[in-house]
Ligand SMILES: [Zn+2]
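In our numbering, the protein residues as written are 46 to 297.
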């Protein structure tokens, strides 16, 4: 059995452990999500600490103890994103990305597409002027990769092709409910035809195409609520960073 490995990892989260240690959750390119113990990182003179802050992409040397715990032996930064810590909103958006990635990623199961999506999204949040399209693109790709692609093309009840009019969306059924079926399905919410158009376009587009299309201000809340409510439904819990984001926006 291997005892020591080197991986590329995006720091998703960390929490304190014992007197000076910390557990760090990494999303790695090579083997999915890994939790590893960073010994002594809370001491003033720790040389590892700066490389293990959330949203850092790091090269990490890990070894496994006899009790099957990964321990971080060496770490160096590959890429950090100072733009993220520049504003509270960007930090909250990056926390939204790492929280959702953390929830959907599987322990020690390689998923390079998810790794790329998370790193690219963090990189974009750090520099892009208007991060809204980046976040919605992330939501839709994450749903694809997790196997929860919402159906915006056919009514999830009668399977008829969705017409270009206002519709309904059901989180529990994972897609559009047409106006005829909506009468029998209480647990769904209205979705305007304009929002539906953007969701469909983003779902089939590259990031470049989606970013070029943008997202009109007046239907941002609707689009965001449809996606984040669906994500929260799948996860069976609220998205903490989403609540934090809403609080920041209220204070403006
Ligand atoms: Zn229907």
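Glycine is no exception: its CB is placed at the ideal position from the N, C-alpha and C atoms.
Would residue 67 be called buried (16 or more neighbouring beta carbons within 10 Å of its own) or exposed?
If you number the chain shown from 1, residue 67 lands on position 22. Residue 67 comes out buried.
Taking a contact to mean a Cβ-Cβ separation below 7 Å, would you say residue 140 touches residue 129 in this structure?
Taking the first residue of the chain shown as 1, we reach residue 140 at position 95. Taking the first residue of the chain shown as 1, we reach residue 129 at position 84. No; because the gap between Cβ atoms is not below 7 Å, this pair is not in contact.
Using the Cα positions of residue 104 and residue 182, report the straight-line distance between them to the nearest angstrom.
Stepping through the chain shown from its first residue, residue 104 is reached at position 59. Stepping through the chain shown from its first residue, residue 182 is reached at position 137. Each residue's Cα considered, the two are about 27 Å apart.
Tell me the rounded alpha-carbon separation between residue 155 and residue 213.
To locate residue 155, count along the chain shown from 1; it is residue 110. To locate residue 213, count along the chain shown from 1; it is residue 168. Taking the straight line from one Cα to the other gives about 36 Å.
What do you get for residue 70, buried or exposed, if any count of 16 or more other CB atoms within 10 angstroms of its CB means buried?
Here residue 70 is taken as the residue at index 25 of the chain shown, counted from 1. So residue 70 counts as buried.
Look up residue 231 in the DSSP assignment and say whether it is helix, strand or coil.
For the purposes of this step, residue 231 is taken as the residue at position 186 of the chain shown. If DSSP states are grouped into helix, strand and coil, residue 231 belongs with coil.
Is residue 203 near ligand 1, judged by its Cβ being under 6 Å from some heavy atom?
As a first step, residue 203 is located in the chain shown; it is residue number 158 there, counting from the start. Checking every heavy atom of ligand 1 against the Cβ of residue 203, one is found closer than 6 Å.
Opposite residue 58 in the DSSP bridges: which residues?
As a first step, residue 58 must be located in the chain shown, where it is residue number 13. In the DSSP output, where bridge partners are listed per residue, residue 58 has 70.
Taking the C-alpha atoms as reference points, what is the distance between residue 270 and residue 170?
Residue 270 sits at position 225 when you count from the first residue of the chain shown. Residue 170 sits at position 125 when you count from the first residue of the chain shown. Using only the alpha carbons, I get a separation of about 20 Å.
Tell me which residue opens and which closes the alpha helix (DSSP H) that residue 166 is part of.
For the purposes of this step, residue 166 is identified with residue 121 of the chain shown, where counting begins at 1. Its alpha helix (DSSP H) spans residues 157-172.
Hey, out of 272, 65, 52, 91, whose CA is closest to residue 196's CA?
Locating residue 196 in the chain shown gives position 151, where the first residue counts as 1. Out of 272, 65, 52, 91, 272 has the C-alpha closest to the C-alpha of residue 196.
Residue 124 bridges to which residues according to DSSP?
Here residue 124 refers to the residue found at position 79 of the chain shown. Paired residues: 102.
So if DSSP puts residue 199 in a beta bridge, which residue, or which two residues, is it bridged to?
For the purposes of this step, residue 199 is identified with residue 154 of the chain shown, where counting begins at 1. 206.
So does the region 51-60 actually touch the region 84-99, counting three or more Cβ pairs closer than 8 Å?
With a cut-off of 8 Å, the region 84-99 and the region 51-60 count as touching, because enough Cβ pairs lie within range.
For residue 233, is the beta carbon positioned less than 6 Å from some heavy atom of ligand 1?
Taking the first residue of the chain shown as 1, we reach residue 233 at position 188. Residue 233: no, Cβ never under 6 Å from ligand 1.
For the alpha helix (DSSP H) that residue 133 lies in, which residues bound it at each end?
The count along the chain shown starts at 1 and reaches residue 133 at position 88. Unbroken alpha helix (DSSP H) run through residue 133: 133-149.
Strictly by DSSP, which residues pair up with residue 78?
In the chain shown, the residue the question calls residue 78 occupies position 33. Looking at the DSSP assignment, residue 78 forms a beta bridge with 72, 152.
If you reduce the DSSP assignment to three classes, tell me which class residue 222 lands in.
Within the chain shown, residue 222 is the residue found at index 177, counting from 1. In this structure, residue 222 counts as strand in the three-state DSSP scheme.
Please classify residue 64 as buried or exposed, where buried requires at least 16 neighbouring CB atoms within 10 angstroms.
Within the chain shown, numbered from 1, the residue matching residue 64 stands at position 19. Residue 64 is exposed by the Cβ-count criterion.
According to DSSP, simplified to helix, strand and coil, what is residue 257?
Residue mapping note: residue 257 aligns to position 212 of the chain shown, counting from 1. Helix.
Note down, in chain order, each residue of its chain lying with its Cβ closer than 7 Å to the Cβ of residue 144, except the 5 sequence neighbours on either side.
Here residue 144 refers to the residue found at position 99 when the chain shown is read from its first residue. Closer than 7 Å at the Cβ level, and outside the excluded window around residue 144, lie 284, 285, 286.
Do you know offhand how far residue 187's Cα is from residue 257's?
Here residue 187 refers to the residue found at position 142 when the chain shown is read from its first residue. Here residue 257 refers to the residue found at position 212 when the chain shown is read from its first residue. So the alpha carbons of these two residues sit roughly 20 Å apart.
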